[in-house]
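Novice:
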Amino acid sequence: MRGTAKREVIAETELRMVVIGSSGPSQFSLTNCILGREEFSKDVCSIAGSRKNIGELAGRQVAVVNAPNLYDKDLSKSKMREELRRAKCLLSPGPHAVLIAFDLERISPNDIRTPKLVMKRFGEGVLNYAMILLAYDGPLGLAALEERIMKTDWHLRELIEQCGCRYHIFSKNEKNHNKDRELLQKIERIVGTMGGHCYTNPAYSKAEESVRKEEKKLIKKRAAETERAWRELEQQYQGDELRWQMDAYNASVGAEIRAKAELDNSWLRNSLAIGFSLGFVAGATMGIVVGSVEGLAGMAVGGAVGGALGGSAGGAVQSAIEHLDERVGPHTSNFNSIFINRFFRAPQV
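Mapping the sequence shown onto full-length UniProt numbering, position 184 (from 1) lands on 184, and the numbers just tick up by one.
(1) Under three-state DSSP, which class holds D103?
(2) What does the alpha-carbon distance come out to for the pair T13 and G195?
(3) Here's a check: name, in chain order, each residue in its chain whose Cβ is nearer than 6 angstroms to the Cβ of L156, leaving out the five neighbours to either side.
(4) Closer than 6 angstroms by C-beta to L65: which residues in its own chain qualify, once you throw out the five before and the five after it? Chain order, please.
(5) Taking 7 angstroms as the limit between beta carbons, can you name the residues of its chain near R16, skipping five residues before and five after?
(6) Find the nearest neighbour of L84 within the set D137, L183, G21, judged by alpha-carbon distance.
(7) Would you check if there are 3 or more beta carbon pairs closer than 8 angstroms linking the segment 201–210 to the segment 107–118?
(8) Grouping DSSP H, G and I as helix and E and B as strand, with all else coil, what is E124?
(9) Compute the Euclidean distance between the alpha carbons of A261 and N270, then round it to the nearest angstrom.
(10) Assuming P68 contacts E208 (C-beta within less than 8 angstroms), just tell me the rounded distance between them.
(11) Given a threshold of 16 other Cβ atoms within 10 Å of its Cβ, counted over all protein chains shown, does C165 qualify as buried or as exposed?
(12) Would you mind working out which of Y136, E214, S50 sits nearest F102, comparing C-alpha positions?
(13) Which same chain residues end up closer than 6 angstroms to L145 when comparing Cβ atoms and leaving out the 5 residues on each side of it in sequence?
(14) So the candidates are S29, Q162, S210, L233; which of them puts its Cα closest to the Cα of S263?
(15) Out of L183, G141, R231, M131, point me to the one whose CA is closest to E161's CA.
(16) Among the residues of its own chain, which have a CB less than 8 angstroms from the CB of G49, if the five just before and after it don't count?
(17) Run through DSSP, which three-state label would G239 get?
(18) What is the DSSP secondary structure of G279, reduced to helix, strand or coil?
(19) Who does L133 pair with in a DSSP beta bridge?
(20) What's the C-alpha gap between Q238 and E39?
(21) Just checking my contact of L104 with L134 at CB under 8 angstroms: how many whole Å lie between their CB atoms?
(22) Start and end of the alpha helix (DSSP H) containing M17?
(23) Only counting the same chain, and skipping five residues up and downstream in sequence, which positions put a Cβ closer than 8 angstroms to that of I257?
(24) What does A191 pair with, by DSSP beta-bridge criteria?
(25) Identify the continuous beta strand (DSSP E) that holds I149 and give its terminal residues.
(26) For G55, write down the residues that DSSP places opposite it in a beta bridge.
(27) Give the DSSP-derived three-state secondary structure of G254 in the structure shown.
(28) Quick check: what's the CA-CA separation for A308 versus R81?
(29) For R181, which residues from the same chain have a beta carbon less than 7 angstroms from its beta carbon, with the 5 sequence-adjacent residues on both sides left out?
(30) Output the distance between the C-alpha atoms of R243 and Q185, rounded to the nearest integer angstrom.
(31) Please name the residue in L183, T193, K172 whose C-alpha comes closest to that of E56.
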């Protein structure tokens, strides 16, 4: 299968990483440092929705996913769960590294809990792929910072120990290519220690399955457009040039379809619908029980009010479903590859 094979080759050369922060702009400063460009302005402390950016770190292709800050009080619990699920789709089939970023000057003893929260949100075993990233902005040299981390601030030391003593210090303002290479080496060391595999669990498997199904639907919708584009290329080019143009076109459209499928697929849509529906049913049932004391009219009113309240609380029910997602494997299904084979076919020369 031409398209699938191409994607697997890309996956082997591309490092997928999720950058997580508990508060402040540190995770977004880190993303800017990794990508070598100002993807986020300096005053950004959180985002409403998960985002994925592609770039290079010390010459290595990377995909960096940012989710909302874990302690963002402006996001409801249901919205936070939705965006963390979206982050898993953007990272599927799983991240190679989990970078937990802190501002060295703002870190507090309370932040020691962050790795455990990351494990709760992203699954057991995720800390084997995690590293603490510390952002600083000041005149202190690296030696002084190392001294402070390892000998002075006990909470920093305890924080780092939770992630296998893996940490990296980066400047929010200075672009140091030597530090880029150092960070890349540390990330590659994590991947090497884990046998070259990305982190995955049943939730990531479900995400990847749903993303691929969505890709299949989008490919079908664009089949006629794709055929026209192929015919136009065949009229303009021949031989190796035709093959190059066809591969470039397929790669471009394939990347576009993949990006759309990661942002919107049945796994994301169903999580919202299930959470609301179960909450509505539970709330309506309780409302009817309470309203039954007042007779039929009370049952009707109680059911309506209870359903509304239960629907708004559906996120609590969905939270239990999310908990099971990490432990129950996805349903397997045969992937129909007819359109993918056609979409990524070898050009006739």
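We put the beta carbon where it would ideally sit given N, CA and C, even for glycine.
The model shown is predicted, which means the values in this text are computed figures rather than measured ones.
Specialist: This is what the structure gives:
(1) DSSP places D103 in strand when its eight states are reduced to three.
(2) T13 and G195: Cα-Cα distance of roughly 15 angstroms.
(3) Same-chain partners within the cutoff: I149.
(4) Before going on, a small fix: residue 65 reads as Val here, not Leu. Correct list, in chain order: V18, K52, A87, L90, L91.
(5) Excluding sequence positions up to five before and after R16, its CB lies within less than 7 angstroms of the CB of A63, L91, P95, H96, C198, all in the same chain and listed in chain order.
(6) The residue with the shortest Cα to Cα distance from L84 is G21.
(7) The segment 201–210 and the segment 107–118 do not touch, with fewer than 3 CB-CB distances between them shorter than 8 angstroms.
(8) Residue state, collapsed to three classes: coil.
(9) Annotation: A261 to N270 spans about 14 angstroms, alpha carbon to alpha carbon.
(10) The C-beta distance from P68 to E208 rounds to 22 angstroms, too long to fall under 8 angstroms, and the pair is not in contact.
(11) Flag for C165 reads exposed.
(12) Scanning Y136, E214, S50 for the CA closest to the CA of F102 turns up Y136.
(13) Hits under 6 angstroms: I169.
(14) Reading off the sequence, residue 263 comes out as Leu, not Ser. In terms of Cα proximity to L263, the closest of S29, Q162, S210, L233 is S210.
(15) Taking only the C-alpha atoms, the option nearest E161 is M131.
(16) Closer than 8 angstroms at the Cβ level, and outside the excluded window around G49, lie P68, E83, R86.
(17) Three-state result, G239: helix.
(18) Any answer about G279 is weak, because its pLDDT of 47 lies below 50 and its placement is not dependable; what the coordinates show is given next. Taken through DSSP and simplified to helix, strand or coil, G279 comes out as helix.
(19) In the DSSP output, where bridge partners are listed per residue, L133 has A101, H168.
(20) Rounded to the nearest angstrom, the two C-alpha atoms are 40 angstroms apart.
(21) Their Cβ separation, rounded to whole angstroms, is 5 angstroms, which keeps L104 and L134 in contact under 8 angstroms.
(22) Here M17 belongs to no alpha helix (DSSP H); instead the beta strand (DSSP E) covers 15–21.
(23) By the criterion of a C-beta distance shorter than 8 angstroms, I257 is surrounded in its chain by E215, L218, I219, R222, once the five residues flanking it on both sides are discounted.
(24) As written in the sequence, residue 191 is Val, which differs from the Ala given in the question. According to DSSP, which records beta bridges pairwise, V191 is partnered with nothing at all.
(25) Judged by DSSP secondary structure, I149 falls outside any beta strand (DSSP E); it is assigned neither H nor E.
(26) Beta-bridge pairing links G55 to V62.
(27) Three-state DSSP puts G254 in a helix.
(28) Note that A308 has pLDDT 44, beneath the 50 cutoff, so the model's placement of it is unreliable and no number is given.
(29) The answer, listed in chain order, is A58.
(30) Roughly 36 angstroms separates the two Cα atoms.
(31) Checked all of L183, T193, K172; the closest Cα to E56 is L183.
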